[in-house]
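When you read off a place in the sequence shown, starting at 1, and then add 185, the result is the number in our numbering. Report on the structure given below.
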Amino acid sequence: MVDGYDYDAVVIGSGFGGSVTACRLAQAGYRVLVLERGHRWGPREGYRNEGSRAGDQPDADVIAYPRTSRDAWLWDHEHPERSRGWLDFRDFPHMRVIQGAGVGGGSLIYANVSIDANPESFVAGWPEEITFESLAPYYARVGEMLELGRVPERQMSERVKLMREAAQARGWGDRFHAVDVAVRFDPDLTYDSSQRPDPATSRRKPNRHGAWQGSCAHLANCDIGCDVGAKNTLDKNYLFVAEQEGAHIRPLHLVRSVEVSGAGYRVHFDRIVEDRFQPGHVTGRLVIVAAGSLGSTELLLRCRDQYRTLPRLSRALGRGWSSNGDFLTPALHLFGRPRLYPGRGITIAGSINFLDGGPGDPAGALARPRFLIEDGGFPYQVAGALLRHLAMNRGHDVRLRHQVLHLALKIAFGIYDLLRGLIEGRALRFLRRLFDYVDPVNRLMPWFAQGQDAADGTLSLRHGELHLDWPYERSQPVIDAIYETHRALAHSTGGWVLPPVTWTWFRSLITPHPLGGCNMGGDGASGVVDHKGGVFEYPGLYVVDGAIVPEALGLNPSKTIAALAERIAEHIIADHPLGDR
């Protein structure tokens, strides 16, 4: 106990905000505790993969990545003591949000992409202290910690080749770029996506922090747990270093409330033990809330409106929420080109950048929608589930045409999942080549994108549950522009677009990149936290995650969240030195 407090800093959540903060504070000598609601995950139950060359460091907290229908796939927000899986799906009118649940937070399920925000993204809506130039050194620091790189040319997927060809066909070749990804590659490997990936091609080495990792074998499991440890998830860098420096990480600790305790705070949690809750609490001189856009906002809303432990929180809490303009358009490319194999290779490797205002007349660039096109991929194990979810209606429209559509897709992709499961088994393995040849999914191009939407959603508590009011009207121009660009790219390469009926019929979207809710601002009237991440009216309480991003970025936000966390951690150390204990 330090001056009456159990820890110098209690960090709630272990994603890109929490892990960075925990690491830097631990390195500075602070006693740090990280409370994470989910499991610690790995390829083998009971063993830390990054802890030794053989991946056999014992750790009873580790459970194996989900792979079959019997595994822990979903996190049940209402009853996590019963179901605490890999993915947390939250349903709201017109919007569904996907979140990771585990040690490493969003890095467990994100698509590896780690890129700087567009400089113009900081022109409006941010505190004046936050500019692209001020974040530049922190972007560089994140890049070093995550050991970013690009897919070697000899390992590029057919999807990326298609994207480059489509950009050139439309006259947008100069907008195509390979993206930086947090993945380790063997530069000597030559891989073509027509080959079935082989985990034996992976080579294990320690990374710059001493954690053991393999090299990419193009298994396409980036979003459901990399079997060979090639993905640079936060448990292999920031959190790994934090633990080496003495930080404690406690999985399965679901934080319920935060209250003032003297000059610090008391954090109340439920520990999940054998399918039941075990209440507890811990005190900290500092508290860093880093549970993600939904998690951090919900926690603070409950502290203000339900438990009234933090009654002076800003009235801006919950406002300015953004889906970051995520949109997916599937297209079938049936003839005249190699199969695309979206279930092989890393999830995203290329982009076509329209963050300067999109295709069209340059004179009107400032007024035009801004977005980033990317290729997409997904594990074959979740192909059916993914496509079924794309057809689900998260609006209020439950007319017959939707019910019929969803039932048809449920049956079709249920049959697909069954067939793929049988083919992957030993008994019918001799049919794999034939199945690969006729499988229509292998000719599917998931055209993906993110855009700068209106960021005008509002999170609130309604009947004791988190509610999102997302008025889609002001975001419609950027979503429509993305769809039309997807169509143009697909058609230029002989593709047939599958109509995104969830958007065109029901104005319903799905996002893995929620932003906002605890926005940065100049004061408590315009924001919840200041440019240092400090909560207005509550010294020593911080929010450090995607919840503080006040505007849509229109591209993968993880690197910006981590850069902001690097900057905030620096300010925390300067403003709350250990000598003040």
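All residues carry an ideal CB built from backbone N, CA and C; glycine is no exception.
Determine whether the beta carbon atoms of residue i and residue j lie at a separation below 8 Å.
i, j, result
"V217", "Y190", "no"
"T768", "S292", "Residue coverage of the chain in this structure runs from 186 to 766, which leaves residue 768 outside it and unanswerable."
"I283", "P685", "no"
"P382", "A354", "no"
"G465", "G449", "no"
"C673", "S660", "One detail in the question is off: residue 673 reads as Ala in this sequence, not Cys. Cβ atoms of A673 and S660: not closer than 8 Å."
"V336", "I531", "yes"
"D365", "I300", "yes"
"A732", "T494", "no"
"G414", "G395", "no"
"L694", "M280", "yes"
"A211", "A427", "yes"
"F370", "G328", "no"
"I664", "G709", "no"
"L738", "N392", "no"
"F274", "L259", "yes"
"N627", "L540", "no"
"S342", "S378", "yes"
"G712", "H518", "no"
"V720", "V714", "yes"
"Y232", "D241", "yes"
"P544", "P662", "no"
"L471", "A194", "yes"
Contact defined as beta carbons within less than 8 Å: I believe residue i pairs with residue j. What is the distance between those atoms, to the nearest angstrom?
i, j, result
"R267", "D261", "6 Å"
"A363", "A634", "Not quite, the Cβ-Cβ distance comes to about 17 Å (not below 8 Å), so this is no contact."
"K564", "A405", "Per the sequence shown, residue 564 should be read as Pro rather than Lys. Their Cβ separation, rounded to whole angstroms, is 5 Å, which keeps P564 and A405 in contact under 8 Å."
"E751", "Y323", "4 Å"
"G290", "F201", "7 Å"
"T206", "A759", "Not confirmed; about 14 Å, so no contact."
"D455", "R441", "6 Å"
"P631", "L763", "About 49 Å; that fails the 8 Å criterion."
"R344", "D560", "4 Å"
"T643", "W506", "6 Å"
"A475", "V196", "6 Å"
"L629", "P527", "6 Å"
"I294", "M705", "Actually they are not in contact, since the Cβ atoms of I294 and M705 sit about 25 Å apart, beyond 8 Å."
Can you check DSSP and say which residues form a bridge with residue i?
i, result
"Q635", "L557"
"G290", "Beta-bridge pairing links G290 to no other residue."
"R647", "E650"
"Q340", "In the DSSP output, where bridge partners are listed per residue, Q340 has none listed."
"P464", "D455"
"N538", "L557"
"T153", "Because the chain here runs from 186 to 766, residue 153 falls outside it and cannot be looked at."
"G503", "Beta-bridge pairing links G503 to no other residue."
"G446", "The sequence as given places Ser at residue 446; Gly does not occur at that position. Answer is G449."
"K390", "Q398"
"F277", "M280"
"I434", "V219"
"I473", "V196, Y727"
"V298", "V366"
Could you tell me which of the options sits nearest to residue i, measuring between CA atoms?
i, options, result
"V452", "L424, N422, F462, L484", "L484"
"C772", "E658, T532, I473, P544", "Residue 772 falls outside the range modelled here, since the chain spans only 186 to 766, and no answer is possible."
"A296", "C407, R435, P523", "C407"
"E332", "Y423, I558, S478", "Y423"
"R229", "E221, P243, L220", "P243"
"P515", "V458, R461, A302, A675", "A675"
"S707", "H716, Y668, E669", "Correcting the residue identity first, residue 707 is Gly in this sequence and not Ser. Selected option, being the one with the closest Cα: H716."
"S536", "W357, R487, R524, W397", "W357"
"S199", "L439, P662, G505, R647", "L439"
"L479", "M330, L651, V467, R344", "L651"
"A302", "P762, M630, A747", "A747"
"R692", "R360, W655, G680", "W655"
"L557", "L517, Q463, R360", "R360"
"V247", "W226, A666, A476", "W226"
"R722", "P496, I315, Y657", "The question names Arg, but residue 722 in the sequence shown is Glu. Taking only the C-alpha atoms, the option nearest E722 is P496."
"Q463", "L471, V443, L437", "L437"
"E350", "Q491, T678, V445, L374", "T678"
"G649", "P384, V443, R487, F425", "R487"
"W688", "Y657, T670, M705", "Y657"
"R389", "M330, N234, E459", "N234"
"G410", "P742, H224, L653, E313", "H224"
"P265", "V458, E669, R489, C208", "V458"
"L726", "L683, Q491, E444", "E444"
Relative to the ligand ZN, is the shortest distance from any of its heavy atoms to the C-beta of residue i smaller than 7 Å?
i, result
"Q429", "Although the ligand ZN was asked about, the structure shown includes no ligands whatsoever."
Checklist entry - Taking the runs of the beta strand (DSSP E) that are 3 residues or longer, which of them lie wholly in the stretch 191 to 254? => result 192 to 197, 217 to 220, 225 to 227, 247 to 249
Item to check | Those runs of the beta strand (DSSP E) which lie wholly inside the stretch 310 to 380 and span at least 3 residues | outcome: 361 to 363
Item to check | Runs of alpha helix (DSSP H) wholly within the stretch 663 to 736 (minimum 4 residues, chain order) | outcome: 686 to 689
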